[in-house]
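Undergrad: I have a structure I would like to understand better, so I am pasting it below and will then ask my questions one at a time.
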């Protein structure tokens with residue numbers, strides 16, 4: 001697996017005003033970030049400035065090919081066939097980091113979501129914090145244990161590897177999985193067999209629509225480091241399966257997840273395209 005890191009950084013001056021136009025999504029009320037799509041190769045990192053009050057999502061695309069004009073296609077996480085997403089959301093299944101940055105003395109709210117499915121491991125860590133703040137994420141490689149009915153396969157089933165794991169909502173379209181219709185409330189929409197698989201592997205990640213209690217975190221941080229495929233320091237076993245050390249929360253020491261990968265079962269491209277889009281919050 002490759003490793004890519006994005007730092008979402010707050011300005012030191014909380015009164016900094018955004019340049020350019022406001023958010024591209026109607027009614028979002030938050031400014032656009034400097035980029036909505038870019039390439040990040042294995043081992044690279046980049047820093048993206050964000051203003052107080054910004055609300056949005058960060059994710060990775062995999063298996064992408066783009067021409068010089070920025071038009072192309074991705075195996076997972078695509079946003080309309082362009083390098084710059086320009087307000088288009090990610091095509092599920094995709095692992096998401098979601099955040100709303102606080103203004104002034106207000107706290108930030110953040111989570112890692114696999115409600116829309118999963119395409120690769122992701123861990124988010126606040127830094128420069130006031131008080132105790134927690135890491136969150138899904139460091140496990142869910143593609144290795146994805147139920148057959150949820151698998152997204154590269155190529156034919158016989159020859160291809162699993163490149164993503166769909167949510168039960170996307171796979172079956174039923175209200176009880178999508179928390180819609182008569183199930184559009186936390187009383188009737190309960191964790192399913194499939195969301196429980198995700199939750200056991202990644203206890204801090206959002207596994208279904210009403211998974212708020214164990215999945216939303218608050219913090220007053222200077223910046224956030226979002227790491228994709230955090231397995232570079234994994235330990236090699238004799239069967240060629242790499243297991244990375246546990247990812248722990250900063251304040252309570254709870255395990256966020258075990259990062260597991262296998263070079264002979266499934267591989268991720270050496271380059272990833274990270275996407276940012278303003279959320280509807």
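Residue numbers (the UniProt record's numbering): 1 to 281. Even glycine gets a Cβ: it sits at the ideal position worked out from N, Cα and C.
Between the beta-carbon of residue 165 and the beta-carbon of residue 147, is there less than 9 angstroms?
TA: Contact: yes.
Undergrad: Suppose only complete runs of 4+ residues qualify. What are the alpha helix (DSSP H) ranges in the stretch 155-212, listed by chain order?
TA: Counting only runs of 4 or more, we get 168-172, 175-178, 193-201.
Undergrad: I need the straight-line Cα distance from residue 68 to residue 59, nearest angstrom please.
TA: Each residue's alpha carbon lies about 22 angstroms from the other.
Undergrad: Please report the straight-line C-alpha distance between residue 142 and residue 120, rounded to a whole angstrom.
TA: Using only the alpha carbons, I get a separation of about 8 angstroms.
Undergrad: Quick check: the stretch 207-227 against the stretch 121-130, are there 3 or more CB pairs under 8 angstroms?
TA: The answer is yes - the stretch 121-130 touches the stretch 207-227, with three or more Cβ pairs under 8 angstroms.
Undergrad: According to DSSP, simplified to helix, strand and coil, what is residue 98?
TA: Residue 98 falls in the strand class under three-state DSSP.
Undergrad: Below 9 angstroms between beta carbons: does that hold for residue 65 and residue 56?
TA: Result no, Cβ atoms of residue 65 and residue 56 do not sit closer than 9 angstroms.
Undergrad: Give the single residue among 79, 36, 118, 39 whose Cα lies nearest to the Cα of residue 162.
TA: Taking only the C-alpha atoms, the option nearest residue 162 is 118.
Undergrad: My parser needs the alpha helix (DSSP H) runs of 4 or more residues fully inside the stretch 100-159; what are they?
TA: Entirely contained in the stretch 100-159, not one alpha helix (DSSP H) run reaches 4 residues.
Undergrad: Can you give me the Cβ contacts of residue 176 inside the same chain, cut-off strictly under 6 angstroms, excluding the 5 residues immediately before and after it?
TA: 183.
Undergrad: Buried or exposed: where does residue 46 fall if 16 or more other Cβ atoms within 10 Å of its Cβ makes it buried?
TA: With fewer than 16 Cβ atoms within 10 Å of its Cβ, residue 46 is classed as exposed.
Undergrad: Would you kindly work out how many angstroms separate the C-alpha atoms of residue 74 and residue 40, rounded to a whole number?
TA: Roughly 14 angstroms between the two C-alpha positions.
Undergrad: Could you check whether residue 204 and residue 218 sit closer than 9 angstroms to each other, using their CB atoms as the reference points?
TA: No, these two residues do not count as a Cβ contact at 9 angstroms.
Undergrad: Suppose you measure from the CA of residue 135 to the CA of residue 181; what does that come to, to the nearest Å?
TA: Going from the Cα of residue 135 to the Cα of residue 181 covers about 34 angstroms.
Undergrad: Whose C-alpha, out of 70, 51, 208, 149, is nearest the C-alpha of residue 188?
TA: Considering only alpha carbons, the answer is 208.
Undergrad: For a test of the three-state rule: what should DSSP assign to residue 62, helix, strand or coil?
TA: It is a strand residue.
Undergrad: Hey, residue 93 and residue 153 are a contact pair by Cβ (cut 8 angstroms); roughly how many whole angstroms apart?
TA: Not quite, the Cβ-Cβ distance comes to about 12 angstroms (not below 8 angstroms), so this is no contact.
Undergrad: Assign residue 123 to one of two classes, buried (16 or more other C-beta atoms within 10 Å of its C-beta) or exposed (fewer than that).
TA: Residue 123 should be labelled buried.
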